[in-house]
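Visitor: Sequential numbering of the sequence shown, starting at 1, is according to our numbering.
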Amino acid sequence: MASWTFWNNFSNMKLRQIKDFLCKNRLQALCILNGVVLAAGLVAAMLLSDDTRWTNWSLSRLGETTSNRLSAFSFNSGVFLSGLIMATIGFFMNRGYLKLGQIRSARISGWILSLFAICMIGVALCPNDTIHAAHFVFSRGIVILMVLLMFLLPSSLSYLTHRERISSFSFPIFAAIIAAQGYAMGKFWFVIVEVLLGIFATMWLVLVCRRMELKLSDLKTS
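1) For the alpha helix (DSSP H) that Ser-156 lies in, which residues bound it at each end?
2) Grab the span of the alpha helix (DSSP H) containing Phe-75 for me, first residue to last.
3) Would you tell me roughly how many angstroms separate the C-alpha atoms of His-135 and Ala-106, rounded to the nearest one?
4) Excluding the 5 residues flanking Ile-142 on each side, which residues of the same chain have their C-beta closer than 8 angstroms to its C-beta?
5) Taking 9 angstroms as the threshold (C-beta atoms), are Ala-45 and Gly-78 in contact?
6) By the three-class DSSP mapping on this structure, what secondary structure does Pro-172 have?
7) Spatial neighbours of Asp-50 within its chain, please: C-beta separation below 7 angstroms, excluding the five flanking residues on both sides.
8) If we ignore side chains and look at the alpha-carbon of each, how far apart do Phe-92 and Leu-216 end up?
9) In this structure, how does DSSP classify Gln-102 when only helix, strand and coil are distinguished?
10) Please tell me whether Leu-153 and Ile-108 are closer than 9 angstroms, where the distance is taken between their beta carbons.
11) Can you give the beta carbon distance from Phe-151 to Phe-169, rounded, assuming they're within the 8 angstroms contact cut?
12) Can you give me the C-alpha to C-alpha distance between Leu-196 and Asn-34, rounded to a whole angstrom?
13) Short check: CB of Gly-96 to CB of Met-203, under 9 angstroms?
14) Is DSSP giving Glu-164 helix, strand or coil here?
15) Could you name the residues of the same chain whose beta carbon sits closer than 7 angstroms to that of Leu-148, not counting the 5 residues immediately before and after it, in chain order?
16) Hey, quick one: how far does the alpha helix (DSSP H) through Leu-62 stretch, first residue to last?
17) Do Leu-42 and Leu-59 come within 9 angstroms of each other at the CB atom, strictly closer than that value?
18) Could you check where the alpha helix (DSSP H) with Arg-26 kicks off and where it finishes?
19) With a threshold of 6 angstroms on Cβ separation, who are the neighbours of Ser-156 within its own chain once the five nearest residues in sequence on each side are excluded?
20) Mind reading off the beta-carbon distance from Ile-85 to Leu-145? Whole number of angstroms is fine, and I expect it under 8 angstroms.
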């Protein structure tokens, strides 16, 4: 009986700790979840695909329903769910910046991440082989919006020091350079650049959300 009570109290304490951690680091957890969901969808699509031409063209080919329905379902499901998670991240970022009094940052993150989520969902619902024009607009919109967010958000945050603001601009500059290289070189390099941009954007978003949540934590304790 005593042993059962101990383990029950221990599990309740652990659950409270996990709940407190997720409450304090909600955005970081969502960013990581977004990366995991997107990566799982892509890896599953790669493994299920029997068309190797995507390696010399684009990840978007994995979402084409005419080549392989299973790989297309995995790819499009991952991208669609990622779009929903990004919309949630945008909502909480907007609310967090409002609490910090960063009105301009709240508007920028809210609008750009909402449009970003729409583009992600658009890519999932408009396969390249059936609705090429829409897919092209949505897929290019994802890159443009992320680079735009990397430029505009740091410049709008008043709590960043001058050095932090200048160093933060290296992120979008680097992202723009590798994106341009991917388009210029094409074929297999384009796929590599797509993967690198996804990893790079996820890391940047985690860092931004971490900084914001630390500021929110300081605000609550002050």
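Note that CB positions come from ideal geometry on N, CA and C, so glycine has one too.
Guide: Let me lay it out:
1) Residues 132-156.
2) Its alpha helix (DSSP H) spans residues 69-99.
3) Going by the C-alpha atoms only, they are around 28 angstroms apart.
4) Phe-116, Cys-119, Met-120 and Val-123, listed in sequence order.
5) Yes, the Cβ-Cβ distance between Gly-78 and Ala-45 is below 9 angstroms.
6) Pro-172 sits in a helix when the DSSP states are folded into three classes.
7) Excluding sequence neighbours, Asp-50 sits near Asn-68.
8) Rounded to the nearest angstrom, the two C-alpha atoms are 12 angstroms apart.
9) Gln-102: coil per DSSP, three-state reduction.
10) Against a cut-off of 9 angstroms, the Cβ pair of Ile-108 and Leu-153 comes out as a contact.
11) For Phe-151 against Phe-169, the beta-carbon gap comes to about 7 angstroms, under 8 angstroms, which counts as contact.
12) Distance between the alpha carbons of Leu-196 and Asn-34: 15 angstroms.
13) No, these two residues do not count as a Cβ contact at 9 angstroms.
14) The three-state secondary structure of Glu-164, taken from DSSP, is helix.
15) Ile-112, listed in sequence order.
16) Counting along the chain, no alpha helix (DSSP H) covers Leu-62, and no H or E run does either.
17) Judged by their CB atoms, Leu-59 and Leu-42 are nearer to each other than the 9 angstroms cut-off.
18) Per DSSP, Arg-26 belongs to the alpha helix (DSSP H) from 26-48.
19) Contacts found: Arg-104, Ser-105 and Ile-108.
20) Contact doesn't hold; Cβ gap of about 15 angstroms is too wide.
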